[in-house]
Each structure stands twice: as C-alpha cells, then as structure tokens.
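Chemist: In the UniProt record's numbering, the protein residues as written are 1 to 447.
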Amino acid sequence: MSHLIARPVDGLSGRTHVPGDKSISHRALILSALTVGRSTVEGLLAAEDVLATAAALRALGARIEGPDAHGRWQIDGVGVGGLTSPAGALDMGNSGTGARLFLGLLATHAVRATLIGDASLSRRPMGRVLDPLAPTGARFEAGEGGRLPVTVVGSADPLPLETRLSVPSAQVKSALLLAALNTPGRSRVIEPVPTRDHSERMLAAAGAEISVTADPATGERVIDLIGQPELTPVDWAVPGDISSAAFPLVAGLLGAPGGAPVTVNGVGVNPLRTGLLDALDAMGARIERVDPRSRGGEPIADLVAYPGRLDAIEMDPALAPRLIDECPILFVAAACAHGTSRFTGLGELRVKESDRLGAMADALAANGVGVEVLDDGLVVEGAGGRPPGGATVATHLDHRIAMSALVLGGACAAPVVIDDAAAIATSFPGFVEVMTGLGAHFDAGRR
C-alpha cells in the first residue's frame with residue numbers, strides 16, 4: 001500500500017502530453033499479432049494493462065519486441081487462425097479490456113487457454129461476453145458468477161455470429177469482431193447505441209473486409225465482417241489517451257479564474273470518445289481544440305483548458321457511452337461547480353475496476369461534498385469553489401478513483417489522501433510527474 005497526499009494549489013498551468021491511448025494500444029498489439037508479417041507501433045502505452053496483453057500474445061505464439069531507441073514496438077504476426085495454446089495461464093492483471101478481447105480472440109481458435117487476473121479483475125463480470133460468444137461453438141469454464149478464471153476451449157469449426165448488443169460496450173463489440181475474424185463467412189454485430197469505434201477503424205486499416213452502416217428503419221449501427229482474411233501489417237501510431245488527458249484538463253479548469261491554461265498535446269478526439277468535452281462544455285468550461293489533425297487514422301488535437309467558473313448540469317444519459325471512463329473526474333468537476341448536478345445512465349460504472357459510483361460517492365462525501373447515490377448515477381451538490389477536503393479516500397485498486405481523488409485534493413481547502421497509489425500504473429505510469437510538472441503538489445508525508 002502506497003498512500004499519497006494531494007495538497008491544495010491555486011491552479012495548474014503549462015504544456016504536457018499524456019501516454020498513448022489504452023484502447024488503441026490493446027487493439028494495435030492484438031491485430032498486429034494476427035497479420036502476416038511485421039507491424040510496428042509508435043506511441044504504445046507501456047502501462048501494466050497493455051504489457052499484460054503483450055505477454056499474453058507472446059504466450060500464444062506472436063513475437064513482440066520493444067520499445068526500441070525510438071520508442072517503437074515490433075510485432076511479427078502469426079496470421080488469422082495461427083494462435084497456439086499457451087503453456088500456462090494468461091494473466092491479464094487488472095485489464096478488463098484485455099480479458100474481454102481475449103475471450104473473443106480465443107473463442108474461434110482451436111486452442112485451450114485459461115485467463116486469470118488480479119483481485120479487482122476477478123470480481124468483474126464476463127458473462128456479457130461469454131453469452132454472445134457461445135454460438136461460435138466455443139466452450140467456456142468460468143468461475144462463480146461468470147467471473148475469472150475462465151478457461152476457453154476454442155471452436156475448431158466456428159460458426160458466424162449475428163448479435164444485437166444488449167449493453168452499450170465497445171469491449172463486448174470488439175470481442176465479437178475478433179471472434180468473427182477467424183470464422184468463415186459473414187458475421188454481423190448490431191449496435192443500438194454507438195460506442196467507441198477503434199476496432200472498426202483498425203480492422204479496416206489492416207485489410208479486413210468490414211462495413212459499417214445505419215439501419216434506415218431503426219437507426220441502429222450495423223457492422224458486417226467477412227471472416228478469415230489475410231491481414232496486412234500496419235505501422236500504427238497511437239494518439240494520446242483522452243481518458244488520461246481528462247485529469248490534467250479538469251485540474252486546469254479548477255484553477256483560479258483568469259489564470260494560465262493547461263495544454264495537453266496530441267490527444268485523440270475520436271467523436272465517440274469526446275463525451276467528457278461535451279459535458280464540460282455544458283458546464284461552461286472553456287476547452288479549445290488547437291491544430292486538429294490525424295494520426296493513425298484517428299483525429300487528434302492539442303487541448304487547452306482555461307480556468308474559470310463551472311455550473312451544474314443535468315447530463316443527458318445519451319452521453320454515457322462516450323464518457324464512461326471519464327465519469328470519476330467529471331464528478332470532481334461537478335463537486336467544484338456552482339449548483340447541483342445530476343448524472344444518470346451510468347449503471348455500467350457499477351462493474352468497472354470497482355463500483356465507481358459507490359467509490360466516488362464515498363470519496364466526495366468524505367471530503368464534504370453533498371452526494372446522493374442513484375441506481376444508475378449520482379447527484380452532486382457543487383461547492384461553488386473549493387470543497388472542504390481533509391479526508392482519506394479508499395481507491396479500491398482502481399486507477400481512475402485514485403487519480404480523480406488526487407485532482408480533487410488540489411482543488412479542496414484541505415489536503416486529500418489516497419490509501420494506495422499503486423493502481424495508477426495500470427493506465428498512467430507518469431501521472432505524478434505530469435501533474436507535478438504542471439504545478440500539482442503531491443507527497444507521501446503527513447497532512
């Protein structure tokens with residue numbers, strides 16, 4: 001356990017960058033392992049979650065090396081259908097994305113593999129992936145409640161899929177598309193509510209025959225994929241992760257009005273990932289997109305956050321799939337805003353690395369913020385400035401709870417302590433250095 005204290009500051013300022021997008025990093029490694037030839041990845045997030053994916057792919061037969069002196073990784077793929085059974089269990093660490101994507105990947109390969117994870121991941125439900133994968137012919141031996149450990153016995157003669165997603169989840173969608181890759185014929189995934197589309201973009205870039213259309217009658221998103229292609233190597237370029245950029249950006253907004261801005265360079269601004277920016281805009285935040293451009297098929301921009309007044313919102317639940325990972329830090333912004341904010345449509349937060357609704361409600365309440373917990377959201381009474389602070393926050397092994405609480409501490413009247421900073425390394429290993437470089441004050445001493 002490594003506690004950390006965030007002390008109050010007047011505001012942050014400066015220019016920085018954040019690590020590569022975690023979602024894209026996972027997918028770049030997995031798709032590269034399925035190509036025929038050598039792919040490279042620049043800007044890969046070298047954090048624990050992604051490194052667990054790399055280790056699992058090595059165990060399944062892919063050759064992965066890196067980073068080199070220029071920060072690039074090299075992957076020699078085995079081709080679609082070329083994965084082999086690992087010698088031991090595949091340890092996914094804390095990575096829900098890795099675990100769920102691998103369940104899809106392995107379901108249509110003639111392999112036997114067991115996925116395990118840490119205590120937090122082992123509490124997360126996998127049934128939402130296992131159930132729609134069952135029609136492929138794969139067999140799954142899961143732990144109690146459909147949780148890890150899960151042993152996958154992949155189908156030697158997989159059947160195409162036609163699935164309508166029951167929950168808006170890019171992880172489930174991507175698992176189904178990975179399963180469809182090694183399935184003969186056409187598979188179809190119907191998405192009533194659009195979620196991040198990195199998998200679709202990246203599959204197309206690797207040469208897969210994939211189409212995305214809108215059903216004219218229902219407006220649902222229809223994804224068709226022809227299985228068993230020969231994927232071609234790609235030189236991937238991973239943009240900065242907007243989920244990581246959220247922390248310095250919100251911290252920048254919470255400074256004294258009229259202060260200097262915080263700029264985060266080269267952030268991915270895929271329209272299906274920018275719900276946080278829309279929510280903050282509705283609160284009156286000023287965040288500018290500078291030098292919009294493209295990298296690796298993904299739109300990016302430099303984001304500039306100016307400190308100023310924030311006002312409460314009643315968030316449109318339709319935004320939820322586009323900001324689900326950023327909700328904890330959005331709750332921190334609401335805690336400092338003027339008025340009472342209401343957030344609904346966020347039931348998915350109950351089954352993340354922790355129950356993020358409960359964990360953030362406890363964190364805010366302990367630090368003097370009025371909170372009401374709903375079945376699918378929170379009501380947050382903004383302090384109209386600095387909340388009292390002064391409490392210790394239980395992080396529940398959750399990196400986003402830990403980082404959100406530290407940003408809260410900088411904006412409170414008294415320091416905020418987190419009980420364990422170790423989980424931050426799962427997604428943002430340089431978080432402390434980035435934030436202190438902008439003027440945050442963290443230490444391990446006494447309050």
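Backbone N, C-alpha and C fix where the C-beta goes; we use that ideal spot for every residue, glycine too.
By Cβ distance below 6 Å, which residues in the same chain neighbour P321 in space, the five residues on each side in sequence not counted?
Modeler: Looking up residue 321 in the sequence shown gives position 321. So the qualifying residues of the chain are P168, V193 and T195.
Chemist: Just to confirm the assignment, what range does the beta strand (DSSP E) spanning H396 have?
Modeler: Position 396 of the sequence shown, counted from the start, is the residue given in the question as residue 396. Element bounds for H396: n/a, residue is neither H nor E.
Chemist: I'd like to know whether the C-beta atoms of R201 and G297 end up nearer to each other than 8 Å.
Modeler: On the sequence shown, position 201 is the one that residue 201 refers to. On the sequence shown, position 297 is the one that residue 297 refers to. Against a cut-off of 8 Å, the Cβ pair of G297 and R201 comes out as a contact.
Chemist: Pick from F343, P387 and A383: whose alpha carbon is nearest that of L374?
Modeler: Here the question's residue 374 lines up with position 374 in the sequence shown. Considering only F343, P387 and A383, the residue with the shortest C-alpha distance to L374 is F343.
Chemist: Where does Q171 sit, in a helix, a strand or coil, going by DSSP?
Modeler: Taking the sequence shown and counting its residues from 1, one reaches residue 171 at position 171. Reduced to three states, the DSSP call for Q171 is helix.
Chemist: Figure out for me which residue from L101, R400 and A405 has the closest Cα to the Cα of A365.
Modeler: By one-based count along the sequence shown, residue 365 stands at place 365. Per the Cα distances, A405.
Chemist: In the DSSP output, what is S187 paired with across the bridge?
Modeler: Taking the first residue of the sequence shown as position 1, residue 187 is located at position 187. S187 pairs with L225.
Chemist: Measure the beta-carbon distance from V434 to G240 and round it to whole angstroms, keeping in mind my assumption that it falls under 8 Å.
Modeler: One-based indexing of the sequence shown puts residue 434 at position 434. One-based indexing of the sequence shown puts residue 240 at position 240. With 8 Å as the limit, V434 and G240 do not qualify as a contact, their Cβ atoms being about 11 Å apart.
Chemist: Have a look at I223 and P233 and give me their C-alpha separation to the nearest angstrom.
Modeler: Here residue 223 refers to the residue found at position 223 when the sequence shown is read from its first residue. Here residue 233 refers to the residue found at position 233 when the sequence shown is read from its first residue. Straight-line Cα distance between these residues: approximately 23 Å.
Chemist: For A333, which option in L276, R356 and S85 has the closest C-alpha, if you only look at C-alpha atoms?
Modeler: Along the sequence shown, one-based indexing puts residue 333 at 333. Closest option to A333, Cα to Cα, is L276.
Chemist: G232 by DSSP, collapsed to three states: which one?
Modeler: To locate residue 232, count along the sequence shown from 1; it is residue 232. One detail in the question is off: residue 232 reads as Thr in this sequence, not Gly. The answer is coil: DSSP assigns T232 none of H, G, I, E or B.
Chemist: Are the beta-carbon atoms belonging to A335 and V369 less than 8 Å from one another?
Modeler: Reading the sequence shown from its first residue, position 335 is the one you call residue 335. Reading the sequence shown from its first residue, position 369 is the one you call residue 369. Yes, these two residues count as a Cβ contact at 8 Å.
Chemist: Helix, strand or coil: which one does DSSP assign to D281?
Modeler: To locate residue 281, count along the sequence shown from 1; it is residue 281. In this structure, D281 counts as helix in the three-state DSSP scheme.
Chemist: Which residue or residues does DSSP assign as beta-bridge partners of S211?
Modeler: As a working mapping, residue 211 is identified with position 211 in the sequence shown. Answer by DSSP bridge pairing, in chain order: D224.
Chemist: Would you tell me roughly how many angstroms separate the C-alpha atoms of D215 and I226, rounded to the nearest one?
Modeler: If you number the sequence shown from 1, residue 215 lands on position 215. If you number the sequence shown from 1, residue 226 lands on position 226. Rounded to the nearest angstrom, the two C-alpha atoms are 19 Å apart.
Chemist: The beta strand (DSSP E) spanning A301 covers which residue range?
Modeler: If you number the sequence shown from 1, residue 301 lands on position 301. Unbroken beta strand (DSSP E) run through A301: E298 to Y306.
Chemist: Kindly identify the DSSP beta-bridge partner or partners of L4.
Modeler: Numbered from 1 along the sequence shown, position 4 holds the residue referred to as residue 4. DSSP, once it has assigned bridges, lists I418 as partnering L4.
Chemist: For the alpha helix (DSSP H) containing D131, list its first residue and its last residue.
Modeler: Within the sequence shown, numbered from 1, the residue matching residue 131 stands at position 131. Note, D131: alpha helix (DSSP H), G127 to L133.
Chemist: Does the ligand GDP have a heavy atom nearer than 7 Å to the CB of A333?
Modeler: Absence of the ligand GDP from the depicted structure is noted, as is the absence of any ligand whatsoever, leaving it without description.
Chemist: Buried or exposed: A87, going by 16 or more other Cβ atoms within 10 Å of its Cβ?
Modeler: Taking the first residue of the sequence shown as 1, we reach residue 87 at position 87. A87 comes out exposed.
Chemist: I need the boundaries of the alpha helix (DSSP H) containing H198, first residue and last residue.
Modeler: Within the sequence shown, residue 198 is the residue found at index 198, counting from 1. From DSSP, the alpha helix (DSSP H) with H198 extends over H198 to A205.
Chemist: What separation, rounded to the nearest whole angstrom, lies between the Cα atoms of A54 and L203?
Modeler: Here residue 54 is taken as the residue at index 54 of the sequence shown, counted from 1. Here residue 203 is taken as the residue at index 203 of the sequence shown, counted from 1. Their backbone Cα atoms lie some 18 Å apart in a straight line.
Chemist: According to DSSP, is H338 helix, strand or coil?
Modeler: Against the sequence shown, residue 338 aligns to sequence position 338. Strand, per DSSP.
Chemist: Rounded to a whole number of angstroms, what is the C-alpha to C-alpha distance between L51 and M92?
Modeler: If you number the sequence shown from 1, residue 51 lands on position 51. If you number the sequence shown from 1, residue 92 lands on position 92. Near 9 Å, if we compare the C-alpha coordinates of M92 and L51.
Chemist: Under three-state DSSP, which class holds G112?
Modeler: For the purposes of this step, residue 112 is taken as the residue at position 112 of the sequence shown. For the record, residue 112 in the displayed sequence is Arg; it is not Gly. R112: strand per DSSP, three-state reduction.
Chemist: For V407, which beta-bridge partners are listed by DSSP?
Modeler: Here residue 407 corresponds to residue number 407 of the sequence shown, with the count starting at 1. According to DSSP, V407 bridges with nothing at all.
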